[in-house]
Every structure is written in C-alpha cells, then in structure tokens.
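S.K.: Handing you this structure, nothing more for now.
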Amino acid sequence: MRKETRQAYEKYAAQIAKLNDTGDVSKKFAVEPTVQQRLETKMHESSEFLKRINVLPVTELEGEKLGLSVSGPIASRTDTTKAARQPIDPTALDSNRYRCEKTDYDTAIPYRKLDMWAKFADFQQRIRDVILNQGALDRIMIGWNGVKAAATTDRQANPLLQDVNIGWLQQYRERAAQRVLHEGAKQAGKVLVGKAGDYENLDALVMDIVSSMIDPWFQEDTGLVVICGRELLHDKYFPIVNATQAPTERLAADLIVSQKRIGNLPAVRVPFFPKRALMVTKLSNLSIYYQEGARRRTLKEVPERDRIENYESSNDAYVVEDFGCGCVAENIELAAA
Numbered sequence: 001m002r003k004e005t006r007q008a009y010e011k012y013a014a015q016i017a018k019l020n021d022t023g024d025v026s027k028k029f030a031v032e033p034t035v036q037q038r039l040e041t042k043m044h045e046s047s048e049f050l051k052r053i054n055v056l057p058v059t060e061l062e063g064e065k066l067g068l069s070v071s072g073p074i075a076s077r078t079d080t081t082k083a084a085r086q087p088i089d090p091t092a093l094d095s096n097r098y099r100c101e102k103t104d105y106d107t108a109i110p111y112r113k114l115d116m117w118a119k120f121a122d123f124q125q126r127i128r129d130v131i132l133n134q135g136a137l138d139r140i141m142i143g144w145n146g147v148k149a150a151a152t153t154d155r156q157a158n159p160l161l162q163d164v165n166i167g168w169l170q171q172y173r174e175r176a177a178q179r180v181l182h183e184g185a186k187q188a189g190k191v192l193v194g195k196a197g198d199y200e201n202l203d204a205l206v207m208d209i210v211s212s213m214i215d216p217w218f219q220e221d222t223g224l225v226v227i228c229g230r231e232l233l234h235d236k237y238f239p240i241v242n243a244t245q246a247p248t249e250r251l252a253a254d255l256i257v258s259q260k261r262i263g264n265l266p267a268v269r270v271p272f273f274p275k276r277a278l279m280v281t282k283l284s285n286l287s288i289y290y291q292e293g294a295r296r297r298t299l300k301e302v303p304e305r306d307r308i309e310n311y312e313s314s315n316d317a318y319v320v321e322d323f324g325c326g327c328v329a330e331n332i333e334l335a336a337a
C-alpha cells in the first residue's frame, strides 16, 4: 500500500468509525440505524428493479408480513335491521409469516486496486459503491433463484446463490403451489408452447394462468406485468427503459421493458430470472425486508494477504405480499419456429 493510499484508507476508516460512533472499525460493530437506512437507500437506488419493488425495514427478526396491498373488494351492503355491518381488514396478510435470515456480504479489495483508486477524490465513494452495487445484484439473484437458507452456503455448488435464502419463486412453489404451472398435459415436467403444444403461443399461456390462477379482483389490475426469462423473447424486443441514465452512475439498466406485450400485459426482464419461466404479478407485490438495527460490520487491513477485508451482514427476508396477486409458469419449452 502506497503512502497516499494509506492516508486515504485511514480517512475512510475514520469516517466509518465517526458515522457509527465506534472507536475501532476492526472490531465488529453495529451499524447505526440512520447509516443503515442510507446504505439501503443507496443500494436500491442503484438498481431500477429494486426501486420498483419494496425494500423495507422491519423491527423483528420474524413476524407478520407488512400487508402492503389490498387483498380484495371492500364494497358491501348490510340490512342493519337484521345484522350489524361487518368491516374487513383490506390489507393483504396471508397466514404465512416472514423470517429474516442472516446474510453475509463479505468483500476484499487488494492493495493494488486501492493504489489505483487513491488518486481520485471520490476514493471513499468508490469503495462504498463497489460493495453496495454487488450487494444489490446479489439480492436480485437470491430473490429469483433462492430455494433454501443453508447454515453454510457453497457458492461453487450454487453459483446463483440458491442456498442463501428463500426467494420469491420458491415461496410460490412452497406456499402457493396452486398458482404455479410447472407442467402441461402433453409432456411431464414441461409446458410446451407452439403448434401441437399445451399452448399455441405465450399469449395464450399468460391469458390462461392469469384467468385461472390470479384472484379475480387482481386480473384487471393495470399494474400487472409479465417478468420473463431471456429465452422467451428475443433481445430485439427489449430496449433499455433508462437510456438517459449514465451506466457508470447506476445499475438502472437491469430492468428492461419489452416493446412487445405478452397476453396483453407488459413484458419485463430483470437479471438472473430463470431462462424458461415467467411470473405475472405487480412489481409492488414483491418485497425485501431487512431487520432494522441488525446490520453488523468489521473493516480491517490484512497485510499478509495484501488487501483490506470488509465483513458485513444483514438480516434479510424475501416476501410476496399477496400470493393471490400473482402466478408462475416454469419449465416452458418453445417449439422450433
């Protein structure tokens, strides 16, 4: 580590200590709630997809879902000469609870890279952004591919972070299997789309699952979109919605909206979504909860490895607010044109 790099790094460590009211950042400390909130805001603002869903703090490690959407109609009439009016709770609170799982976001930056960054005035911001931007991408990857929360994860065996937490698609499989189409009548384990298939085209598939799997009061909701894998629609149908955004400043290009509609609904593509699957829902029906005040961090220099190491953890949960406001089709196989 060069002299100017050390000076920049020590200023960075001192700033972290000051913000979190701790004397030594090389010992594990609790990130101040206000700092945690700013980090979370910066993380989800780096991704257009995360900006469209809910990223929210919760107090408890586990508990009832927040109920951020309306669960159904509330209009009614009662003959009060015979019975009392019966108000209902309009918020969507399925019986399923959330549970935040401890997730480590540990990173290491070699001295040689710090030496390159030290010449820039935004040295501290560069370190922060490289950690937050990858954390944002990891959350999206877990949301679509997570199937379990293993005590010890294995990135080699699970390159899409399948063992870090239970994501949105897996929650549908486990908690709302009646809203998941995983095979058709033509061939076991596959949903065939094309001539002589289960559906003639993707439009027919989407229209069928919307009408049969989504609650009636959501079927006409203008917020519904079709989130699909990259093999289902050709790239030419997907211009970047944020063409005016500088890609060096944010990851906003991770949400891509198609020029084409599927089943008369807008089609969108996000990173790491399974290639041969689709989900119909409102983006606001998907949430990530993080436990407030539970973020932990340690920052230390490791000269024997010629690098600095940042150990950081957050208690996170992936939540579908209302299963009735969505459905999933997977194992889709398109017939050759």
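Residue numbering for the sequence shown follows the UniProt record's numbering, beginning at 1 and increasing consecutively.
Just so you know, even glycine gets a beta-carbon here, dropped at the ideal spot from N, CA and C.
Should R38 go down as buried or exposed, given a rule of 16 or more other Cβ atoms within 10 Å for buried?
M.R.: The count along the sequence shown starts at 1 and reaches residue 38 at position 38. Exposed, because fewer than 16 other Cβ atoms sit within 10 Å of the Cβ of R38.
S.K.: Contact defined as beta carbons within less than 8 Å: I believe S258 pairs with L224. What is the distance between those atoms, to the nearest angstrom?
M.R.: Here residue 258 refers to the residue found at position 258 of the sequence shown. Here residue 224 refers to the residue found at position 224 of the sequence shown. Going by Cβ atoms, the distance from S258 to L224 rounds to 14 Å, so no, they are not a contact pair.
S.K.: Which class does Q7 belong to by DSSP, given the choice of helix, strand or coil?
M.R.: Counting from 1 along the sequence shown, the entry for residue 7 is found at position 7. In the structure shown, Q7 sits in a helix (DSSP, three-state: H, G or I).
S.K.: So, are the CB atoms of L161 and I140 less than 7 Å apart?
M.R.: Within the sequence shown, numbered from 1, the residue matching residue 161 stands at position 161. Within the sequence shown, numbered from 1, the residue matching residue 140 stands at position 140. Against a cut-off of 7 Å, the Cβ pair of I140 and L161 comes out as no contact.
S.K.: Please say whether V35 and L50 have beta carbons closer to each other than 7 Å?
M.R.: In the sequence shown, the residue the question calls residue 50 occupies position 50. In the sequence shown, the residue the question calls residue 35 occupies position 35. Contact: no.
S.K.: Who pairs with R305 in a beta bridge, going by DSSP?
M.R.: Taking the sequence shown and counting its residues from 1, one reaches residue 305 at position 305. In the DSSP output, where bridge partners are listed per residue, R305 has none listed.
S.K.: With 16 as the cutoff for other CB atoms within 10 Å, does N165 come out buried or exposed?
M.R.: Here residue 165 corresponds to residue number 165 of the sequence shown, with the count starting at 1. The residue is buried, with at least 16 neighbouring Cβ atoms inside 10 Å.
S.K.: Please work out which residues of its chain come closer than 6 Å, Cβ to Cβ, to W168, disregarding the five sequence neighbours upstream and downstream, and give them in chain order.
M.R.: Sequence index remark: in the sequence shown, residue 168 carries index 168 (1-based). Hits under 6 Å: G143, L286, Y318, V320.
S.K.: Take V180 and list the residues in its own chain whose beta-carbon comes closer than 6 Å to its own, dropping the five residues that flank it on each side.
M.R.: Taking the sequence shown and counting its residues from 1, the one referred to as residue 180 is at position 180. Around V180: Y172, R173, V328.
S.K.: Which residues mark the beginning and the end of the beta strand (DSSP E) in which T78 is found?
M.R.: Along the sequence shown, read from residue 1 onward, the residue named residue 78 stands at position 78. Per DSSP, T78 belongs to no beta strand (DSSP E) and is neither H nor E.
S.K.: Between G263 and M213, which are expected to be in contact by the criterion C-beta below 8 Å, what is the C-beta distance as a whole number of angstroms?
M.R.: Translated into positions along the sequence shown, residue 263 becomes position 263. Translated into positions along the sequence shown, residue 213 becomes position 213. Not quite, the Cβ-Cβ distance comes to about 12 Å (not below 8 Å), so this is no contact.
S.K.: Shortest alpha-carbon distance to E183 belongs to which of E101, V55, D122, E330?
M.R.: As a first step, residue 183 is located in the sequence shown; it is residue number 183 there, counting from the start. For the residues E101, V55, D122, E330, the minimum Cα distance to E183 belongs to E330.
S.K.: Between the C-alpha atoms of M43 and K260, what's the straight-line distance to the nearest angstrom?
M.R.: Along the sequence shown, read from residue 1 onward, the residue named residue 43 stands at position 43. Along the sequence shown, read from residue 1 onward, the residue named residue 260 stands at position 260. Roughly 30 Å separates the two Cα atoms.
S.K.: Going by the DSSP bridge assignment, what does Y290 pair with across the sheet?
M.R.: Start at 1 with the first residue of the sequence shown, and residue 290 comes out as number 290. In DSSP, Y290 forms a bridge with P57, D316.
S.K.: Ignore the nearest five residues each way along the sequence and tell me which others in A8's own chain have a CB closer than 6 Å to its CB.
M.R.: Here the question's residue 8 lines up with position 8 in the sequence shown. Taken in chain order, the residues that qualify are A118, F123.
S.K.: Would you tell me roughly how many angstroms separate the C-alpha atoms of A30 and A136, rounded to the nearest one?
M.R.: To locate residue 30, count along the sequence shown from 1; it is residue 30. To locate residue 136, count along the sequence shown from 1; it is residue 136. Computed Cα separation, rounded: 21 Å.
S.K.: Buried or exposed: which applies to Q125, given that a residue is buried once 16 or more other Cβ atoms fall within 10 Å of its Cβ?
M.R.: Counting from 1 along the sequence shown, the entry for residue 125 is found at position 125. Label assigned to Q125: exposed.
S.K.: Could you give the C-beta distance for Q86 and T78, rounded to a whole number, given that I count them as a contact under 8 Å?
M.R.: Position 86 of the sequence shown, counted from the first residue, corresponds to residue 86. Position 78 of the sequence shown, counted from the first residue, corresponds to residue 78. Between T78 and Q86 the Cβ distance is about 7 Å, and since that is below 8 Å, they are a contact.
S.K.: Between the stretch 145 to 158 and the stretch 293 to 305, are three or more C-beta pairs nearer than 8 Å?
M.R.: With a cut-off of 8 Å, the stretch 293 to 305 and the stretch 145 to 158 do not count as touching, because too few Cβ pairs lie within range.
S.K.: Take Y230 and list the residues in its own chain whose beta-carbon comes closer than 7 Å to its own, dropping the five residues that flank it on each side.
M.R.: Here residue 230 corresponds to residue number 230 of the sequence shown, with the count starting at 1. Correcting the residue identity first, residue 230 is Arg in this sequence and not Tyr. Excluding sequence neighbours, R230 sits near R269, K275.
S.K.: Looking at the structure shown, is S258 part of a helix, part of a strand, or coil, going by DSSP?
M.R.: Counting from 1 along the sequence shown, the entry for residue 258 is found at position 258. Looking at S258 - three-state DSSP - the assignment turns out to be strand.
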